[in-house]
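First the structure, in the form of structure tokens, and then the observations on it.
2 protein chains.
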Amino acid sequence: MRLVIARCSVDYAGRLTAHLASATRLLLVKADGSVLVHSDGGSYKPLNWMSPPCSLVVDAGDDGSGTWTVTNKAGERLVITVEEVLHDSEHDLGIDPGLVKDGVEAHLQALLAAQIETLGDGWRLVRREYPTAIGPVDILARDADGGAVAVEIKRRGEIDGVEQLTRYLELLNRDPLLAPVRGIFAAQEIKPQARVLAQDRGIDCVVLDYDALRGLDDAESRLF
Amino acid sequence: MRLVIARCSVDYAGRLTAHLASATRLLLVKADGSVLVHSDGGSYKPLNWMSPPCSLVVDAGDDGSGTWTVTNKAGERLVITVEEVLHDSEHDLGIDPGLVKDGVEAHLQALLAAQIETLGDGWRLVRREYPTAIGPVDILARDADGGAVAVEIKRRGEIDGVEQLTRYLELLNRDPLLAPVRGIFAAQEIKPQARVLAQDRGIDCVVLDYDALRGLDDAESRLF
DNA sequence: CCGTAAATGTCGTCG
DNA sequence: CGACGACGTTTACGG
């Protein structure tokens, strides 16, 4: 990894056209050839960048001033005009073991599938990721009376999730072995607009308590 | 901006829980207190980070080893355990003039509005950003027979865009002065699933040629 | 401040 | 490799 602090201007031409006027910035060159241009503010997103795979050609004099040109196969082009170099260092980082995540939607789905009776007494899991022509429904279950129920799970329940479940329900209800299929929209948090839309479509909303689900799961695991 | 190359492990607890095993990485501390943890690969996204506003507390010995704790108001927490510091430098960057963009969806919309006859002979533009209760439709037009047409424009046409247009059409068709309103889904590229859904809803799909639209626009501009 | 839509989205997964 | 949905999405914009 190469770290350069330089006064520079930047031009990008690719999926859009963009320009950065001259200022002092961090130029970060990664081992895979990718380049990030960071300012001293904003968020984690660089002002400008080129993602790998790409190739960097540096045309610079002894003082470091000159032109960096980064291109990729799609013909996107990032041109950095370096006027003055204030810092330049190279570092060997090695390979990163990578991030381990926990607590996302997949986990919610696994927990709820394992504890489907949370939704109602006598409920049974048919299967997770139940396939339809337009994609899999998170959970298909049967209620105590044997009626089919499609469950869509989100961390944050917004309008798109209700639309998604609506499409699934429309398809599932064409299957005479399943119809009528009820819908349940389950999320840790459900936005008011999503709730209204769900209600309008006859879809029930359930707010999931992640900690409680995890706690129950731990408790049940310990019974073995 | 402070640049630190260090062997470290990282733990994040907030919207999810995540862990990075010990390895050599770049720790980037911006003037606003935000912290980015970058490896020597991946893309512009850091392995882990904390966005501003947040506060950093460093508890370290003379050799730099110790613990960095970054917290924000929402109670999210990023803990960096520094084992060894390989580089540490501070740089004054000043304020950045910021990025100037060109050539996004707004431009597509302007071009298509100026050349609405691209969609059909005798078509007239009613207005861009035609307001509805749930937000503005990109373009409202009248075809050669005077029938109302709502146009939704995307750079990449995916399923969400069709849903969006569907909601607009539902509302517009309640207006007796407009109904019946046809829908057109226009994009530089339309995904197969979006096309299928659009067809199912009676919405026509149009693939836009950005270069051709721009070319026509330039050609017409030159006539003045 | 909330809600919606766009993004040079990026990232995983699965066919 | 492409399609699709999630994301600690982030970011910009409008009410």
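Those sequence lines, one after another, are chains F and P.
To convert, take the position in the first sequence, counting from 1, and add 206; that gives the working numbering.
To convert, take the position in the second sequence, counting from 1, and add 206; that gives the working numbering.
In this text, a Cβ means the ideal position worked out from N, Cα and C, and glycines have one as well.
The structure displayed is predicted, hence computed values, not measured ones.
Query	Result
Identify the residues that DSSP records as bridge partners of N254(F): which are they?	V243(F)
Check the Cβ of I211(P) against every Cβ in chain F and list those closer than 7 Å, keeping chain order.	H297
Looking at the unbroken beta strand (DSSP E) that takes in L232(F), where does it start and where does it end?	223-235
CB A392(P) to CB L317(P), shorter than 8 Å?	no
I345(F) and Q399(F) look like a contact to me (Cβ under 8 Å); what is the Cβ gap, rounded to whole Å?	The Cβ separation is near 24 Å, so there is no contact.
The beta strand (DSSP E) that contains E395(F), what's its start and end?	387-396
Taking the straight line between their C-alpha atoms, what separation do you get for Q394(P) and L222(F)?	13 Å
Tell me which same chain residues have a C-beta within less than 6 Å of the C-beta of L331(F), skipping the five on either side of it?	A319, I322, A347
Per DSSP, what are the beta-bridge partners of K307(F) in this structure?	A224(P)
Where does G300(P) fall in DSSP's three states?	coil
CB W274(F) to CB L292(F), shorter than 8 Å?	no
Taking only three categories from DSSP, how would you classify A280(F)?	coil
Just grab the DSSP bridge partners of I286(P) for me.	V216(P), W274(P)
What are the boundary residues of the alpha helix (DSSP H) that includes E376(F)?	365-378
Could you check what DSSP says for D265(P) in three-state terms: helix, strand or coil?	strand
For the segment 404-423 of chain F, which residues have a beta carbon sitting closer than 9 Å to at least one beta carbon of chain P?	none
Mind checking if I396(P) is an interface residue toward chain F, Cβ cutoff 8 Å exclusive?	no
Closer than 8 Å is the cut-off here; do at least three beta carbon pairs connect the segment 373-390 of chain P with the segment 355-362 of chain P?	yes
Which of helix, strand or coil does DSSP assign to D417(P)?	helix
Looking at the secondary structure, which residues open and close the beta strand (DSSP E) in which E335(P) lies?	330-336
As a quick exercise: from G272(P), N278(P), R231(P), E376(P), pick the residue whose alpha carbon is nearest that of F340(P).	It should be noted that the sequence gives Ile, not Phe, for residue 340(P). The residue with the shortest Cα to Cα distance from I340(P) is E376(P).
Where DSSP assigns a beta bridge to A316(P), which residues make up the other side?	Answer is none; A316(P) lacks a bridge partner.
Check whether chain F comes within 8 Å of E369(P), counting only Cβ atoms and requiring the distance to be less than that.	yes
If we define contact as Cβ-Cβ less than 8 Å, is R428(P) a contact residue for chain F?	Confidence at R428(P) is low in this model, with a pLDDT of 47, below 50, so its placement is unreliable and the value that follows should be read with caution. Answer no: the Cβ-Cβ gap between R428(P) and chain F never drops below 8 Å.
With distances taken Cα to Cα, identify the nearest neighbour of V412(P) among L419(P), V402(P), S240(P), I396(P).	I396(P)
Under three-state DSSP, which class holds I409(F)?	coil
For P258(P) and D327(F), what's the separation of their Cα atoms in angstroms?	45 Å
Quick check: is the beta carbon of W274(F) nearer than 8 Å to any beta carbon in chain P?	no
Considering only C-alpha positions, which residue in the set G248(F), M207(F), G247(F) is nearest to L232(P)?	M207(F)
DSSP beta-bridge partners for I211(F)?	L232(F), H293(F)
At the 8 Å Cβ level, is N254(F) part of the contact set with chain P, yes or no?	yes
In angstroms, rounded to a whole number, what distance separates the CA positions of S240(P) and T324(P)?	48 Å
Can you name the residues of chain F whose CB is closer than 7 Å to the CB of L242(P)?	Y250
R428(F): buried (16+ other C-beta within 10 angstroms of its C-beta) or exposed?	Any reading at R428(F) must be qualified, since the residue scores a pLDDT of 46, below 50, and its modelled position is unreliable; the value itself is stated next. Flag for R428(F) reads exposed.
Check each residue of the segment 215-233 of chain F: if its Cβ is closer than 7 Å to any Cβ of chain P, include it; give the result in chain order.	L222, T223, A224, H225, L226, A227, A229, T230, R231, L232
Which term fits I211(F), buried or exposed, when burial requires 16 or more other beta carbons within 10 angstroms of its beta carbon?	buried
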